[in-house]
Amino acid sequence: MSDFSQLLSCHIHSKDIKTYALAQYCGLDRSNMYKIINGKRKPSSRELVIKICKFMQLSHAEQKEMEQAYEITLIGHDTYYRRKAVIDFFNNFRLSKLNLPVLSELNTEILFEKGSVTLNTMAEVNRSLLYIISSEVKKSNGTIDLLVQPDCDFLMNILAAENYDCSQTTIRHIICLNNSTSESITYPNYNLHCLEKILPLYSNVDKYNCFYYYDHIDSKCSKFTLFPYVIITSQFACLLTGDMTQGILTNTPESLTLFKDIFNQYLSIASPLLRPINDVTEQISYLDNMIHVVRSGYSFQMVPCLTPYLTHDILDKYIIQELPNRSEFIQAMDNYIKVFLSSHMTPDNITYIFSLNGVKKFLDTGRVSEYPYDIYHPLEMTDRIHLIRKLMLNLPIQNYRVLKKDIGHLDNEIFLQVTQPMGYIMFSTPQDHHLIYLDIEEPGLLYTFWDFCETLDDTLFYTTTEAIEILRDLIEQYKELR
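So this is what it looks like as structure tokens:
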């Protein structure tokens, strides 16, 4: 039996529902209703599922459970939870604003000289991690090598804490991605969970890079793996158990050399998970390459992509005068937009997904979110309205899809551009709105994001006619604020 038929049978028996009466109410004969109950036939539509729920007088929570079971029956358990995990990824994304104490050698001394100590409790492990990390980030050219899964919240919070200036620290991080067909016991999409956990480090550590290899994650972190994790700095090496509750801390030169050599061997066979795109010039070059390589894909961002409507006059009006090589930059933007228009703004090409609240945010702020705040001034209201009007006029002829509700958070948004061979994610730091661009190198994550965008339910979106009317009304509202 399918998930849906099992749940339906449970409700029928618990509520003593008469099958004949249910079939009559739903416009089915008894034979077809029995096939649905026994899992030999799927309901023909979501509307039929809702009708069944209504007859059985299910609560709102029970109906949602039935609709979920129906979706799982249609597309399969793994596909359903993979797509759900992407929505959770966007909704759960938050950049850390945590501040942690930086320990000094006066109030925290490592109690050994040129040797090793055992760490017998989680408190001892955490205290040692806080010490060795805070000591290393004080150095002008500190190095931290991590062979550890990003599940350790304490360690990840240290590295992402606002008051830890890691700008001069090089962090190399090797993680294991799950390659098992059965997902992790703890997370329905473990690899997406790993991505969610490491993203804050890219906002706080200028020289952070993550690398990956594949293995069965549940066996990798089993109880019978003695010390699967190691953290290496210029002064210390810390070996840790899989649950991060015990370990060994050493500072002998021989041990440090051994562990660094082993780490470098692992690094040589690992692959980059994400590649940082470090400045706006490199960003334009990357996007230009994407245009020439790719002919279809998805732009997923709540604030709409307004690049196609940025004319030379708008660029010249708002890009700050102090920008180095300003004229060359504007020319590069002009060229990029021309190529963008000729390649992307065609039917059945790039699909642009954004939300109504994202449009409102642009009208409120005058910020084109995909570009760094420090290179241009906010647009005046007249120009904001002009760009949204251009967007509205293109709704019937371009692949625009307007979400009724946000997916993710406007104040902490992840932008996604994804195609089948390549893609990137982008977000801004909460402190200074510095944009972090990350090219997605791992093919499984690319497919997960592509599949998510390609299969979003039509009920999440306004129709084109509805969207045009709503945007027209919105423009009239904001015209009064000029």
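Going letter by letter, the sequence shown gives residues 462 to 943 in the numbering used here. C-beta atoms are modelled at their ideal positions from N, C-alpha and C, and glycine is treated no differently. Note that the coordinates shown come from a computational prediction; the quantities given were computed from them, not determined experimentally.
Bridge partners of P733 according to DSSP: F672. Looking at the backbone, the Cα of L864 and that of E874 are separated by about 15 Å. Linking G537 to G500 through their CA atoms gives a straight-line distance of about 14 Å. Comparing alpha-carbon positions, the option among I929, I897 and L921 lying closest to D667 turns out to be I897. The three-state secondary structure of S475, taken from DSSP, is helix. In its chain, beyond the 5 residues on either side, S760 and Y813 have a beta carbon closer than 6 Å to the beta carbon of C766. As computed with DSSP, T880 is found in no beta bridge at all.
R828 carries a coil assignment under DSSP once its states are collapsed to helix, strand and coil. Between T880 and G703, the gap from beta carbon to beta carbon reaches 7 Å or more. The shortest CA-to-CA distance from Q762 to any of S816, Q744, H773 and N750 is the one to S816. Counting along the chain, the unbroken beta strand (DSSP E) around C699 starts and ends at A698 to L701. Under the three-state reduction of DSSP output, R491 falls in the helix class. Collapsing the DSSP output to three states places Y923 in coil.
A direct Cα-Cα distance of roughly 42 Å separates Y542 from T772.
A contact between stretches requires three or more CB pairs, one per stretch, nearer than 8 Å, and the region 842-857 fails this requirement with the region 887-896. Between the region 521-537 and the region 486-497 there are fewer than three C-beta pairs closer than 8 Å, too few to call the two in contact. K600 and Q629 have their alpha carbons spaced roughly 8 Å apart. Taking the Cβ atoms as the reference, L653 lies roughly 5 Å from F550, within the contact range of under 8 Å. Note that the C-beta distance between R787 and D900 is not below 7 Å. Note that the region 655-662 does not touch the region 911-927; fewer than 3 beta-carbon pairs, one per stretch, sit closer than 8 Å. In this structure, the CA atom of F913 is about 20 Å from the CA atom of L638.
Looking from the CA of R862, the closest CA among Y779, L748, T926 and D464 belongs to T926. For F815, the enclosing beta strand (DSSP E) stretches over residues I811 to S816.
I632 is not a Cβ neighbour of I593, given a cutoff of 7 Å. Taking each of V764, G827 and I780 in turn and checking the Cα distance to M887, the smallest one comes out for V764. Within the same chain, Cβ atoms closer than 7 Å to the Cβ of N818 are found at M763, D867 and L871, the five residues on either side in sequence being excluded. For Y861, the enclosing beta strand (DSSP E) begins and ends at Y861 to L864.
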